[in-house]
Each structure stands twice: as C-alpha cells, then as structure tokens.
Amino acid sequence: MIARRTFVRGAEIAAAAAGLSGFDVSQGRAQQVPNSAGTEPPKTKAPANAADCHMHIYDPARFAMPPNPRRAPSNATVTEYRLLQNRIGTTRVVVVQPRNYATDNRVTLDAIAQLAPNARGIAVVTPAVTDAELKAMNAGGIRGIRFSLADPNSRAVSPDMVEPLAKRIADLGWHVQFNVEGEMIDEMAATLRRLPTIMVFDHLAHPPLPAGIEHSSHKIVRELIDRGRAWVKLSGAYSNSRTGPPAYPEATRIAQAFVKAAPERLVWGSDWPHPGLPDNKPDDALLFDLLTEWAPDAATRNRILVQNPETLYGFGKPA
Numbered sequence: 146m147i148a149r150r151t152f153v154r155g156a157e158i159a160a161a162a163a164g165l166s167g168f169d170v171s172q173g174r175a176q177q178v179p180n181s182a183g184t185e186p187p188k189t190k191a192p193a194n195a196a197d198c199h200m201h202i203y204d205p206a207r208f209a210m211p212p213n214p215r216r217a218p219s220n221a222t223v224t225e226y227r228l229l230q231n232r233i234g235t236t237r238v239v240v241v242q243p244r245n246y247a248t249d250n251r252v253t254l255d256a257i258a259q260l261a262p263n264a265r266g267i268a269v270v271t272p273a274v275t276d277a278e279l280k281a282m283n284a285g286g287i288r289g290i291r292f293s294l295a296d297p298n299s300r301a302v303s304p305d306m307v308e309p310l311a312k313r314i315a316d317l318g319w320h321v322q323f324n325v326e327g328e329m330i331d332e333m334a335a336t337l338r339r340l341p342t343i344m345v346f347d348h349l350a351h352p353p354l355p356a357g358i359e360h361s362s363h364k365i366v367r368e369l370i371d372r373g374r375a376w377v378k379l380s381g382a383y384s385n386s387r388t389g390p391p392a393y394p395e396a397t398r399i400a401q402a403f404v405k406a407a408p409e410r411l412v413w414g415s416d417w418p419h420p421g422l423p424d425n426k427p428d429d430a431l432l433f434d435l436l437t438e439w440a441p442d443a444a445t446r447n448r449i450l451v452q453n454p455e456t457l458y459g460f461g462k463p464a
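The numbering of the sequence shown is my numbering, which starts it at 146 and goes up by one.
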C-alpha cells in the first residue's frame, strides 16, 4: 500500500504539472507564486470561466526587451502565471502588452498562443504598423491597442497617435485601452468623445486622490460609459489608494461607485506581475477578495468575471 503522505505529495505534483500544461485540476489552492505575496487561495471562489482581464508577461530569455528606464519584473513567464491561475481560480485571461516591450508584440502573441483557447490580448502599436500586421494580430487573438501615457520617459506611444490608430482598428472591432492619469482624461476629453471605437480604462481610470469620484475625469468616464462608449477595469487597487491594504479604502470607494452605476461595463484584472510595484508585491488573493467588497452581490460578480469579458473580448468564440 502506498503511504498516505507519499500519495498526497504525488497528487500535488501531478496537479501542479497538469496546471502548468494548461489543464487546471486544482484551482483555488495554496500556491507560492512569483511576484505575489502570500500563498493562500482567495476566500471568494471564482466562478467557472472567470477571466483575469489585465496581466502582463515578461519572457526576456526568449524575447529580449529594448532599453527602458522602467524596471521590468522577473519570473513572469506564462509558466509562472499559470501558478497564479491555480491559486485564484481564473481560467480565462487577457494578456496586455507591457511597456518594457514597446511595440514588439511577439511576447504577448506568444503568451496568447500558449494560453489558448482561453486567452486574448492587447497590443501596443504606432501609426507605422501595416494593415497586414494588424490582421495578423487579430488572427493571433489581439482585441485592442493600449496607450500607457503617464510616463513620457518609458512610453512607446503618444497622445497624438490615439485618433488615427482608432480609425484604423475600428473595422477590426477592436477597442482602445488607456492607462492614463485622470488629468490626462480631462485634457483628452474632446478626442475621447469622438473616437470611433469602444474605450477601456485601466485601473479604475485613475481619478486623482483625494478627490476620487468627485474629480472631473471620473465624470467624463461616467459620461462615456452612459453613452455605451466605455468600459472600466476593476484593477490596480494599490495605485488608487493612499491607505493601502487590506481594505484599500480609496480604491474601494471608486470601484463601488462604478459597480453601482454600470456593472455591465466592468471587468476585473489582477495586474500581475504588478510592474508598478518593483518591490513589496501585493497579495493577489486579497486583491481578488476585494471583489466581495466592491460587488457584494454574487450575480454581479459573476457578470464582471464571466459574462462581461465574453462580451468585450469574445471568449467562448473562435479567436
């Protein structure tokens, strides 16, 4: 007879191996994950087909990064991300092109292929991109382009590129994703109102603190949501809170306002491997559990984690 300890350990190894091969048999379990504090699973059980709609892959051994003053996370490959999926219980994912790779989208396309069929992606391009390249990215699972504009020293794109590129991707059904501070939303308001595509705002749309939802940028985002033009990612609690964990109260107030106003226009994201925090990584289980504070109703959480990502990214349909 196999000793119980030997059997259990063997089962754990088999489960981990199965998870890393893309077949999850042990979601929501204790798991040490690179770039994440803690090891315990969330208290909140992820529903079937829950999506993590904002994360990044860094794989410098296979895809070299161009020089960038922004420090890139290490140990953030697809293999390591699958450990996070096993820990928090999500199975679908949106891979967002990180700033350190500029417009070389190979790392993101490769990650989508590895995580297929449950993966989509967001690319970073400039007006130099060809129509043939855009079509190839679409076939590879890309569903939008990102403008991360807060830091002029590390960004690969600029505000003047938004409108011309939006016009070029409109026929593909893609959206334009923004990682911008609230003040820039104010500055770009006229442009945002006339874009021909859907818009998605990262990390609660970054309204400046302490104003939060009282800031004019929040009102602009709400206007775009009400017109059916925008979505918001419930992500980046730590970048929208001065108080910090475990409650992240400032971010919670912003998130609850969005949930109350338009739960049908929200998706959730981990932001793993948390590139905005070079050190002192957050506890991803705690971040996932914040959803119970932000959206106490289970049906609403299911909508945010499952149905809304299906609408926005086309999960459940051929990539």
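Backbone N, C-alpha and C fix where the C-beta goes; we use that ideal spot for every residue, glycine too. Computed from a predicted model, the values in this text were never measured in an experiment.
- Residue ranges of uninterrupted beta strand (DSSP E) with 3 or more members, entirely inside the segment 175-233 and ordered along the chain, are 196-200.
- For L379, the enclosing beta strand (DSSP E) starts and ends at 375-379.
- In this structure, DSSP gives H419 a state outside helix and strand, which the three-state scheme calls coil.
- The residues I358, in chain order, have a CB closer than 7 Å to that of A402 in the same chain once the five nearest residues on each side in sequence are set aside.
- Within the DSSP bridge table, the entry for N453 names no partner.
- R300 is not a Cβ neighbour of V269, given a cutoff of 7 Å.
- In this structure, DSSP gives W319 a state outside helix and strand, which the three-state scheme calls coil.
- A residue is called buried once 16 or more other Cβ atoms fall within 10 Å of its Cβ, and E409, having fewer, is exposed.
- Annotated three-state conformation of A264 is strand, per DSSP.
- Taking a cut-off of 8 Å for Cβ pairs, the segment 222-240 and the segment 302-314 do not touch, as fewer than three such pairs fall below it.
- Beta-bridge pairing by DSSP links R291 to Q322.
- From the listed residues A175, G173, A209, P179, the smallest Cα separation to N425 is found for P179.
- Taking one beta carbon from each stretch, the segment 316-326 and the segment 433-444 have fewer than 3 pairs nearer than 8 Å; the two do not touch.
- With distances taken between CA atoms, A396 lies nearest to N385 out of N385, P390, K405.
- DSSP lists A196 as the beta-bridge partner residues of R237.
- Note on geometry: alpha-carbon atoms of V302 and T271 lie some 6 Å from one another.
- For secondary structure counted as the beta strand (DSSP E) over 3 or more consecutive residues, the segment 346-393 holds these complete runs in sequence order: 375-379.
- Among the bridge pairs identified by DSSP, V412 is matched with K378.
- In the three-state reduction of the DSSP assignment, D428 falls in the strand class.
- For V239, the closest C-alpha among the options Y246, P262, N220 is that of P262.
- In this structure the segment 447-458 does not lie against the segment 246-255, because fewer than three pairs of beta carbons, one per stretch, are closer than 8 Å.
- A residue is called buried when at least 16 other Cβ atoms come within 10 angstroms of its Cβ; P186 meets this threshold and is buried.
- The beta-bridge partner set that DSSP reports for M344 consists of V321, A375.
- Rounded to the nearest whole angstrom, the CA to CA distance from G234 to L294 is 31 Å.
- Taking 7 Å as the cut-off, the Cβ atoms of I399 and L435 do not count as close.
- Note that the C-beta distance between M200 and W417 is below 7 Å.
- Here the C-alpha atom of D331 lies approximately 5 Å from the C-alpha atom of S362.
- With a 10 Å radius around the Cβ and a threshold of 16 neighbouring Cβ atoms, P297 comes out exposed.
- If you compare the alpha carbons of Y203, A464, D371, G266 with that of Q322, the shortest gap goes to G266.
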